[in-house]
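Have a look at the structure below, then the notes.
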Amino acid sequence: MKTIQVPNRDQVSAGSQVIFDQFQKRLGRVPNLYATMGYSENALKGFVDFDAAFSHGVFRPKEREAIALIVSEINGCAYCLAGHTLAAIKNGFTKEETLDLRRGKSNDDKVNAIVQLAKSITINKGHADEQSLDDFYAAGFDEAALMELIGLVTVRIFTNYVFAATAIPVDFPLAEPIN
Numbered sequence: 211m212k213t214i215q216v217p218n219r220d221q222v223s224a225g226s227q228v229i230f231d232q233f234q235k236r237l238g239r240v241p242n243l244y245a246t247m248g249y250s251e252n253a254l255k256g257f258v259d260f261d262a263a264f265s266h267g268v269f270r271p272k273e274r275e276a277i278a279l280i281v282s283e284i285n286g287c288a289y290c291l292a293g294h295t296l297a298a299i300k301n302g303f304t305k306e307e308t309l310d311l312r313r314g315k316s317n318d319d320k321v322n323a324i325v326q327l328a329k330s331i332t333i334n335k336g337h338a339d340e341q342s343l344d345d346f347y348a349a350g351f352d353e354a355a356l357m358e359l360i361g362l363v364t365v366r367i368f369t370n371y372v373f374a375a376t377a378i379p380v381d382f383p384l385a386e387p388i389n
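Take the sequence shown: its position 96, counted from the start at 1, is 306 in our numbering, and no numbers get skipped.
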């Protein structure tokens, strides 16, 4: 199998370089996963734009991290689990709560409804089970929230699959395994 190398700024197109510069300014570096997406300016820009679209939506950062954790756990993405565990803790979850989210549960009823539906959508390739949908609506969410949740699942599947296909080095502290 071909080994994919993480490109540096000089190895990507001018359009990807602009996005690299934005990551450098915002994060102080370009994470390996984003750099690897940079082989395709369209893939990187599409990802960045799609992901950013949800930052002003229905779900708070903490809830978006819960979705990222359950989807990445189901897909076995060590890269996304590492990065999103750090982000989830930064957004107010404890380490134990991040592990519970990866197990598919939360003590917060709204977060639990979100996680259960994201889990069902991911496992069933879009065909959510009726109970998860009913619980999501009962928690106060509507059709707009459902569309955004599907989008957030899709964003994470994309990053999970990029890592699965490339096996690039994880440049965050690895997430603790769950029992």
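Virtual Cβ for every residue (Gly too), placed ideally from N, Cα, C.
Nearest neighbour of residue i, chosen from the options [CA to CA]
i      : options                        : result
Ala385 : Gly293, Glu307, Val228, Glu340 : Gly293
Met357 : Gly336, Ala374, Gln341, Asp345 : Gly336
Ala375 : Ile367, Asp381, Phe382         : Ile367
Ser330 : Val363, Lys300, Ala253, Asp310 : Val363
Arg219 : Phe346, Tyr347, Asp231, Ile299 : Asp231
Val258 : Gly361, Asp381, Pro379         : Gly361
Bounding residues of the alpha helix (DSSP H) (the contiguous stretch that carries residue i)
i      : result
Phe346 : 340-348
Val380 : Taken as a continuous stretch (DSSP letters only), Val380 belongs to no alpha helix (DSSP H), as it is neither H nor E.
Pro217 : Taken as a continuous stretch (DSSP letters only), Pro217 belongs to no alpha helix (DSSP H), as it is neither H nor E.
Pro271 : 271-284
Asp261 : 251-263
Val268 : It is not in any alpha helix (DSSP H) - Val268 carries neither H nor E in the DSSP assignment.
Backbone CA spacing between residue i and residue j [nearest angstrom]
i      : j      : result
Cys245 : Ala278 : In the sequence as displayed, the identity of residue 245 is Ala instead of Cys. Going by the C-alpha atoms only, they are around 19 Å apart.
Leu243 : Val372 : 7 Å
Lys315 : Leu296 : 18 Å
Gln227 : Thr304 : 35 Å
Tyr403 : Pro217 : The structure shown does not extend to residue 403, since the chain is modelled only from 211 to 389, so the question has no answer here.
Arg270 : Ala276 : 10 Å
Asn285 : Asn370 : 7 Å
Ser342 : Pro387 : 26 Å
Glu353 : Tyr347 : 8 Å
Met211 : Ala377 : 11 Å
Ser282 : Asn252 : 23 Å
Helix, strand or coil at residue i [DSSP, three-state]
i      : result
Asp310 : helix
Ser226 : helix
Cys290 : helix
Lys305 : helix
Val240 : coil
Glu386 : coil
Ser334 : The amino acid occupying residue 334 in the given sequence is Asn; Ser does not appear at that position. If DSSP states are grouped into helix, strand and coil, Asn334 belongs with coil.
Phe368 : helix
Phe373 : helix
Phe351 : coil
Asp319 : helix
Gly361 : helix
Below 8 Å, how does it come out for the region 265-274 and the region 234-241: are there three or more Cβ pairs, yes or no? no
Using 8 Å as the cut-off, can you tell me whether the region 315-335 makes contact with the region 216-225, which would need three or more C-beta pairs spanning the two stretches below that distance? No: the two stretches stay apart, fewer than three of their Cβ pairs being nearer than 8 Å.
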